[in-house]
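To start, the structure itself, in structure tokens.
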Amino acid sequence: MKNSEILKRLYRDYTRKYLNKILLALIFSIVLAGSTSSIAYLLDPAIEKIFLNKDRSLIYVIPFFIIIAFAGKGLSLYGAKVIMIRISEEIKKTLQLDMMKALIKADTNFIEKRHSGKIITNLISDVNFMTALVSVAILNLFKDTLTLIGLLSVMFYQNWKLSLVAIIMIPLASFFANLLGKRITKVTTQAMDQAGTVNTYLIEIFKNHKLIKIFQKESYETARADGALKILMDKGKKLNEIYARSSPIMEVLTGIMIAILIFYSGNLIISDELGIGNFFSFLAAMMLAYQPVRSLATLNITINQGLAGAKRILPIIDLKEKISEDNSLEKIDLNRGDIEFKKVNFTYNDEDKVVLKDINLFINGGKMTSLVGHSGAGKSTILNLIPRFYDPQNGDIKIDNQSIYSKRLSSIRNNISLVSQETTLFDDTVLNNIKYANLDATEEQIYEAAKLSHCLEFIENLPKKYDTLIGENGVRLSGGEKQRLSIARAILKKSKIILLDEATSSLDAETEEKIQEAIKYLTKGRTTLVIAHRLSTILNSNKIYVIDSGKVIGEGTHSELIENSEVYKNFYEKQIQKH
476 MKNSEILKRL YRDYTRKYLN KILLALIFSI VLAGSTSSIA YLLDPAIEKI FLNKDRSLIY
536 VIPFFIIIAF AGKGLSLYGA KVIMIRISEE IKKTLQLDMM KALIKADTNF IEKRHSGKII
596 TNLISDVNFM TALVSVAILN LFKDTLTLIG LLSVMFYQNW KLSLVAIIMI PLASFFANLL
656 GKRITKVTTQ AMDQAGTVNT YLIEIFKNHK LIKIFQKESY ETARADGALK ILMDKGKKLN
716 EIYARSSPIM EVLTGIMIAI LIFYSGNLII SDELGIGNFF SFLAAMMLAY QPVRSLATLN
776 ITINQGLAGA KRILPIIDLK EKISEDNSLE KIDLNRGDIE FKKVNFTYND EDKVVLKDIN
836 LFINGGKMTS LVGHSGAGKS TILNLIPRFY DPQNGDIKID NQSIYSKRLS SIRNNISLVS
896 QETTLFDDTV LNNIKYANLD ATEEQIYEAA KLSHCLEFIE NLPKKYDTLI GENGVRLSGG
956 EKQRLSIARA ILKKSKIILL DEATSSLDAE TEEKIQEAIK YLTKGRTTLV IAHRLSTILN
1016 SNKIYVIDSG KVIGEGTHSE LIENSEVYKN FYEKQIQKH
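So the mapping is simple: our numbering equals the position in the sequence shown, first residue as 1, plus 475.
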């Protein structure tokens, strides 16, 4: 995306709605420019009339107007800044919300390919750069341009010859600032990438802190952290050093300019071509012009940083989901809940490795069907294709003889509950975690789901019962408690189709029995497809499919497969040995 296209996009989507407020800030900027210019202008009559001519009639008037000018400058600057601060915070919120909307709706495939640490950096740092572009840059452009025009007017009014000499500084300052701006943009991009790496590393430490402790890798991880932070530190140093270079450059340019002006104006005063009052008024205007010249000269840095941030943010905001809601499609009409796979082939990210090859399955409605096979055989992928977390490259999946690709996505997912072996919970209360399945559920319905999933006994022992915060991903709960909470959520949804990926972790006999009872209630009379790890689940299934290397290599009942499938027989014997 070209820079001009980005600027047009930012104006259209984020700035245009605030035009009235921006115009008000512009009015304040005009007042600011007028006030600043009048301060320089008033020095001429002050020196000429009061100090040289000793005119007492103006001894009160000029100081009064100087106070008014400074007050106008301060108040107008405050007004312009407050308006643009409010606009910038609203734009920041809108940008972050647009980005979060895009991420929430994004395909599972996109989310899995990116680390949350880098996305967090985009959400915070890059958005701040973009916000500065559409707020700070606009304000500085207005107030500094207008102020500079006003001060140049005073300078030319006092002496046009000196003014022509003075304005040579503007292109010189812009030239050096442009050189620095290009360098800053490059280093800023590198710093943001490294900040994303550090955020990624920090998240990994939080997630794996027990692993770090058990393998006693504290020193190793500290060394890794030191390495990552050192790179970030070096980028930060380089960035700030480049920023710092602008000060000596501007100071030297200003010094040279003042020296030239004093030499030239001295000759003009000696030859009576310039009055002392005119000179001091001119000098004041020129000194006051130093700040807006420097600000405008470095404005390209803010613009380039904002554009660099936009190039990372806008592609995320513009994400087009391959799997999305199409309201023109009809809702799926579930009756029995039969699920059928027809010659389904699937690869992740269009890679060469085929995960599923010509999969043909038929899951009877209202019954339990199990998938068994070695890890990596493709069982989880089969489960994930039914709610359309992914779409296959070819083949079809039907529910009650209706292709899920020709029906409205929300109607399909509304009829499916997923209980994964990797239980996902929010850092919220027990109540809200159960309620997540149905935000309109009554307390009675939530309590009933908790009761049926055998959650009541541990909930009653929690400090605040249902209002207890369970920590990030339920860290304050045991593995069995988290599983039961996940089942409660599925019970509350009351879906006709249950997708169950049994946990492989071993639990004590009592907890195991309670989870099996909860699953039995959840799946009763519902179409259930389960990745089976427990012998009891396999034996209770009406039909079993054996999956190996992405293919169906066996199907039937338990007794049929014992006779006909060597893979299933080995799997079954291993389960017996476990039990």
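Beta carbons: idealized from backbone N, C-alpha and C, even for Gly.
Within 10 angstroms of the beta-carbon of Arg-531 lie fewer than 16 other beta-carbons, which makes it exposed. Cβ-Cβ distances below 8 Å link Glu-992 to His-929 in the same chain, with the five nearest sequence neighbours on each side left out; the list follows chain order. Relative to the Cα of Met-725, the nearest Cα in the group Leu-960, Ala-546, His-1008, Ile-645 belongs to Ile-645. In this structure, the beta-carbon distance from Ile-872 to Ile-838 does not fall below 8 Å.
In the three-state DSSP reduction, Gln-958 falls in the helix class (H, G or I).
In this chain, the alpha helix (DSSP H) harbouring Gly-781 covers 774–792. Under DSSP, Leu-893 takes part in a beta bridge, and its partners are Leu-974.
Bounds of the alpha helix (DSSP H) holding Lys-618 are 611–633. Judged by pairs of C-beta atoms under 8 Å, the region 624–633 touches the region 503–512, as three or more such pairs exist.
Of the candidates Arg-888, Val-557, Asp-668, Leu-836, Asp-668 places its Cα closest to the Cα of Asn-597.
Pairwise C-beta distances place the region 953–961 out of contact with the region 873–891, as fewer than three of them are shorter than 8 Å. Straight across, the Cα-Cα distance linking Lys-882 with Leu-900 is about 29 Å.
Ranked by Cα distance from Met-574, the options Lys-588, Glu-696, Ala-785 are led by Ala-785. Distance from the CA of Asp-619 to the CA of Thr-898, rounded to the nearest whole angstrom, comes to 56 Å.
Cβ-Cβ separation between Ile-745 and Leu-527: approximately 17 Å, too far for a contact (criterion under 8 Å). In terms of Cβ geometry, Leu-858 and Leu-974 form a close pair [threshold 8 Å]. About 6 Å separates the beta carbon of Phe-821 from that of Gln-868, a gap short enough to meet the 8 Å contact definition. Our two residues, Phe-604 and Gly-547, have alpha carbons roughly 30 Å apart in a direct line. Nearest to Ile-497 by C-alpha distance, out of Ala-925, Ala-612, Glu-693, is Ala-612. 8 Å or more divides the Cβ of Ile-879 from the Cβ of Asn-779. Comparing alpha-carbon positions, the option among Asp-903, Leu-967, Gly-870 lying closest to Glu-918 turns out to be Leu-967.
Within 10 angstroms of the beta-carbon of Arg-863 lie 16 or more other beta-carbons, which makes it buried. Less than 8 Å separates the beta-carbon of Lys-832 from that of Lys-1026.
Assignment of beta-bridge partners to Phe-816 by DSSP yields Leu-836, Ile-872. In the three-state reduction of the DSSP assignment, Ile-717 falls in the helix class, which pools H, G and I. Under the three-state reduction of DSSP, Ser-845 is assigned to strand.
In the DSSP assignment, the residues bridged to Glu-805 are Lys-882. At the C-beta level, Ser-845 and Thr-1012 come within 8 Å of one another.
Here DSSP, grouped into helix, strand and coil, assigns Lys-661 to helix.
With contacts defined as CB atoms closer than 8 Å, Ser-756 and Leu-749 fail to qualify as a contacting pair. For Ala-852, the closest of Lys-657, Phe-545, Ser-1024 by C-alpha to C-alpha distance is Ser-1024. Around Asp-601, the same chain offers Gly-784, Arg-787, Ile-788 as residues with beta carbons nearer than 6 Å, after the five sequence neighbours per side are excluded. Straight across, the Cα-Cα distance linking Val-1021 with Gly-870 is about 20 Å. Non-local beta-carbon contacts of Lys-818 in its own chain, meaning distances under 8 Å to residues more than five positions away in sequence, involve Asp-833, Ile-834, Asn-835, Asn-869, Gly-870, Asp-871 in chain order. Taking 8 Å as the cut-off, the beta carbon of Gly-730 is found no closer than this to the beta carbon of Leu-677. Per DSSP, reduced to three states, the secondary structure at Glu-919 is helical.
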